[in-house]
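Same order as they appear, the protein sequences are chains D and S. In this text, residue positions in the first sequence follow my numbering: the first is 478, and each later residue adds one. In this text, residue positions in the second sequence follow my numbering: the first is 478, and each later residue adds one.
There are 2 protein chains.
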Amino acid sequence: MPNEQALAELQSFLGDRLARSKSERTQHGVNETWFPPTLPDAVAYPQTTEEVSRIVATCARSGCPVVAWGTGTSLEGHALAIAGGISLDMGRMNRVLEVRAEDMQAVVQPGVTREALNTELRATGLMFPVDPGANASLGGMAATRASGTTTVRYGTMRDNVMALEVVLADGRVIRTGTQARKSSAGYDLTGLFVGSEGTLGIITELTLRLHGQPEAISAAVCAFDDFEAAVATVIATIQMGIPMARIEFVDETTAAIFNAQNGTQLPEKPHLMVEFHGSESSAADDARRFGEVVADMGGAHFDWATTTENRNRLWAMRHGAYPACIASRPGCMGLVTDICVPISRLAEAVRETREDIAKSGISGPILGHVGDGNFHAILLIERDNAEELKTAKALARRMAERALRLGGTITGEHGVGAGKKDLMTMEHGEAWDVMARIKRALDPDGILNPGKVVEVAQ
Amino acid sequence: MPNEQALAELQSFLGDRLARSKSERTQHGVNETWFPPTLPDAVAYPQTTEEVSRIVATCARSGCPVVAWGTGTSLEGHALAIAGGISLDMGRMNRVLEVRAEDMQAVVQPGVTREALNTELRATGLMFPVDPGANASLGGMAATRASGTTTVRYGTMRDNVMALEVVLADGRVIRTGTQARKSSAGYDLTGLFVGSEGTLGIITELTLRLHGQPEAISAAVCAFDDFEAAVATVIATIQMGIPMARIEFVDETTAAIFNAQNGTQLPEKPHLMVEFHGSESSAADDARRFGEVVADMGGAHFDWATTTENRNRLWAMRHGAYPACIASRPGCMGLVTDICVPISRLAEAVRETREDIAKSGISGPILGHVGDGNFHAILLIERDNAEELKTAKALARRMAERALRLGGTITGEHGVGAGKKDLMTMEHGEAWDVMARIKRALDPDGILNPGKVVEVAQ
């Protein structure tokens, strides 16, 4: 086993924080979607940046792969050690190091989850808004450039990570970015590491941009006779400049699944779920104007959820959509697609996707962050049914092709991982080679999360 | 002359669009601040991406430097051909290629200026808000990651460039980004080229994010007894979440210069100049709340400029600050500093800078985009006075050191160019070497704007 030497060295300074048991390796070898289990050779649990640096330097010497692990909630097999090596579990680096309320910044270790941070921030009047649904680690969210339901208002991780500490492939530790709100001091390395999926360096500290907790929040659910009307409502709302904090679409299949799982009585029609943040008067004003747009578009069943309890129930339902869909077909698993198109092409993209799914014979509820033009089909396939997996992959590929034809991207927020590499040339052409050159420049031996994002001849 | 062969080849397909006259070379060899004139060997005027590609490929074959030129308004000698070679004047690639109003995007060639774009957009209800003062080219603004007075609300070029077409150092043409509002399909190459100052590639097309023209705008000027009160007003306004579109600081020296140059009667005190964008009711509400903060902080002389004419006069005065300062001391030139610190350290940074300038014997009005923590001292020095230049450079260096000590950056928006390279290690440490590795990976022969941003051993 070529990694044995590295493992022995790691054991010498990590002790029982290098785990080699089958159970821990299995825990770090599974994923939330269709990728087959792939066990790492060992799991390391660093507690400090210095340990991460030493682990990476040790692995570098013998070419042993290092694959960072946050909470394992990514959907494209990002954290699977497909070439063996170490799964670097960042979960014990989970301290909020500093909250600088005056500058609206927090400094955190990568293992802090977004919910843990927001719990810590509760009394400060501040919040970290990026919300991909899962209670992911902030390091993982940065590494995959996560976004989610609030992106339409607050941006993605790209917009909310100000500075990083990163361990490079040779073990050196660098800092990117500053505490200032902007800088033009050279290449944007922070932006380069955000979204690099652990292939260029290991994030060991993040400085995050915080936002004020809104004085007032209002939320609503409304149903439409067809999805075209729902999408037209989104476009009109954006064009009127009504500032939405969230605007989510779920189709009639998803609404039916919600009813079955949550005991709700939503009409089994396409829905929009929206939220407005602001002062008491501006949130009310935004809601009123949005209500007028909905009425113009023939929307109905307009339920406001102004109490915190109702609102939490609403978003819990939305965030629970993925497990609810999985549960709706016993014995199934989900292949979750993730395309993003310009808003003007959203109706077209959704329509073609619905028709394609309908023809396939597979069930595929559609939902998404339509304020960004981003939507998912959750393709529900039988576990170990190769035929259905093949059909689902073909549907996913056609979705990606459709996204590109309409000016969009093969992945709005889930990332590339192992699952979308074969689509990268289609989106980027020669620019994919530029990515590979950057990878080779920063990780010449290819030890950091090998086999992901780029194709590098070793 | 080693570049002769490249020049002969270029002449063969550019004809008289390769200029070698002294006057055109001089025009592309000067700059707006203290850098000595540095003439390129020739000036090329491409009209298409294909021509840019052919020019770069030709130069690559003989190692001839290629330095992109926009409008020549940058302040750190970015566009000077300090190693000779070609000045690539993008001014004839100045078409707005497409306005996609529904998606709030415009596709432009790099030579389009921000004012030309906004003129073209006037009837659409949309605008491009990034405003560095000068009527710079959008290609140049992207290359230097420009920002300016409206950044506090609308972000920098990093936030407003969605996609690029770029000619690489070997002449290949790539596209980065898409028309979708977000993507997590691999490394953020758009973000990497934005701010790379022509050292990694030549931008030949930009897709820009547009914003709605505000329904209502209000602006105000108010004076404070001391700059601490002005800065405290900025911090309080940010913390109350009052959305400013601009918030600019000018000190008492700048106010006096404004009076002398514009015939205004501003009190010779520190001032804030602010602007609010929104609906009629929200802009009025924001202005009212801001007025309360100003009163709390002891601010006075609160002049509202609600008419377009008065507002334009206000911002013309602010944007004219640099030439006004230069004109205030006959025969002088300006060394313009540009640091950015966290808001919580802004008062400290300004106070120390004022004291340092006062001790130096040089005049240095201070002004800046204080909503971002970014400010400039315009150090007014006698032309050809080596002693004063040395004093000014030492002041600038101490400002940079101060910015770093306070958690900030050596340049908020002017960039590195030739002027700030010696400060890069101080800010970035080993991360500067990462930038150099990226440079070498994308431009192994170092032909693109050599001598800028990074240090690469050839």
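Yeah, the Cβ is synthetic: ideal placement off N, Cα and C, and Gly gets one too. In this text, all values refer to a predicted model and were calculated from it rather than measured experimentally.
The beta carbon of Ile680 of chain D is closer than 7 Å to those of Pro587, Gly616, Ala619, Ala620, Leu641, Val643, Phe670 in its chain, skipping five residues each way along the sequence. Phe512 of chain S and Gly923 of chain S have their C-alpha atoms some 22 Å from each other. Uninterrupted alpha helix (DSSP H) stretches at least 4 residues long and entirely within the segment 625-692 of chain S occur at 628-631, 634-637, 666-670, given in chain order.
From the beta-carbon of His905 of chain D, the residues of chain S found nearer than 9 Å are Ile651, Arg652, Thr653, Ala662, Gly663, Leu666.
With a 10 Å radius around the Cβ and a threshold of 16 neighbouring Cβ atoms, Thr902 of chain D comes out exposed. Using a CB distance below 8 Å, the part of the segment 836-851 of chain S facing chain D consists of Asp849, Gly850, Asn851, ordered along the chain. Across the segment 723-755 of chain D, no CB contact with chain S closer than 7 Å is found for any residue. In its chain, beyond the 5 residues on either side, Val727, Thr741, Leu743, Met794, Ala798, Ala801 have a beta carbon closer than 8 Å to the beta carbon of Phe735 of chain S. Residues of chain S with a Cβ closer than 8 Å to the Cβ of Leu919 of chain D are, in chain order, Val911, Arg914, Ile915.
With a beta-carbon spacing of about 16 Å, Ile715 of chain S and His754 of chain S fall beyond the 8 Å limit used to define contacts.
Sequence-ordered contacts of the segment 613-635 of chain S with chain D read Thr621, Arg622, Ser624, Thr628, Thr633, Arg635 [C-beta pairs closer than 7 Å].
Residues of the segment 580-592 of chain D with a C-beta less than 9 Å from any C-beta of chain S: Asp580, Met581, Gln582, listed in chain order.
Three or more Cβ pairs closer than 8 Å define a contact, and the segment 815-825 of chain D meets that threshold against the segment 873-889 of chain D. Judged by pairs of C-beta atoms under 8 Å, the segment 819-837 of chain S touches the segment 849-868 of chain S, as three or more such pairs exist.
Under DSSP, Val770 of chain D takes part in no beta bridge, so it has no partner.
Of all residues in the segment 810-831 of chain D, those with a C-beta nearer than 9 Å to a C-beta of chain S are Asp815, Ile816, Cys817, Val818, Pro819, Ile820, Ser821, Arg822, reading in chain order. At a C-beta separation below 8 Å, Lys870 of chain D has no neighbours in chain S, since its nearest C-beta there lies roughly 17 Å away.
Nearest to Ser805 of chain S by C-alpha distance, out of S:Thr785, S:Leu856, S:Ala556, is S:Leu856. Counting the other CB atoms within 10 Å of its CB gives Leu574 of chain S a total below 16, which places it among the exposed residues. With fewer than 16 other Cβ atoms inside 10 Å of its own Cβ, Pro807 of chain D counts as exposed. The beta-carbon of Ala908 of chain S is placed less than 7 Å from the nearest beta-carbon of chain D. Around the C-beta of Thr596 of chain D, fewer than 16 other C-beta atoms lie within 10 Å, and the residue is accordingly described as exposed.
When secondary structure is reduced to three states using DSSP, Phe852 of chain S falls in the strand class. A straight-line Cα-Cα distance of about 36 Å links Asn787 of chain D and Gly894 of chain D.
By the Cβ-count criterion, Gly775 of chain D is exposed, with fewer than 16 other Cβ atoms from all chains shown falling within 10 Å of its own Cβ. Using a Cβ-Cβ cut-off of 9 Å, Ser673 of chain S is close to Gly663, Tyr664, Asp665 of chain D, given in chain order.
Of the candidates S:Ala613, S:Ala733, S:Ala611, S:Leu594, the residue whose Cα lies closest to the Cα of Phe605 of chain S is S:Leu594. Within 10 angstroms of the beta-carbon of Lys746 of chain S lie 16 or more other beta-carbons, which makes it buried. Inter-residue distance for Asp647 of chain S and Leu872 of chain S is about 40 Å (C-alpha atoms, whole angstroms). Between the segment 485-504 of chain S and the segment 571-585 of chain D there are fewer than three C-beta pairs closer than 8 Å, too few to call the two in contact. For Ser759 of chain S, the chain D residues whose C-beta falls within less than 7 Å of its own C-beta are Ser759, listed in chain order. Apart from sequence neighbours up to five positions away, the residues of its chain that approach Ala558 of chain D with a beta-carbon distance below 8 Å are His505, Gly506, Thr515, Leu516, Pro517, Asp518, Pro542, Val544, Ser564, ordered along the chain.
For Glu904 of chain S, no beta strand (DSSP E) encloses it; the enclosing alpha helix (DSSP H) starts and ends at 901-905. If you draw a straight line from the Cα of Asp762 of chain D to the Cα of Asp566 of chain S, it is about 49 Å long. For Phe701 of chain S, no alpha helix (DSSP H) segment is defined, and its DSSP state is neither H nor E. At a cut-off of 7 Å, the C-beta of Glu682 of chain D has no neighbouring C-beta in chain S.
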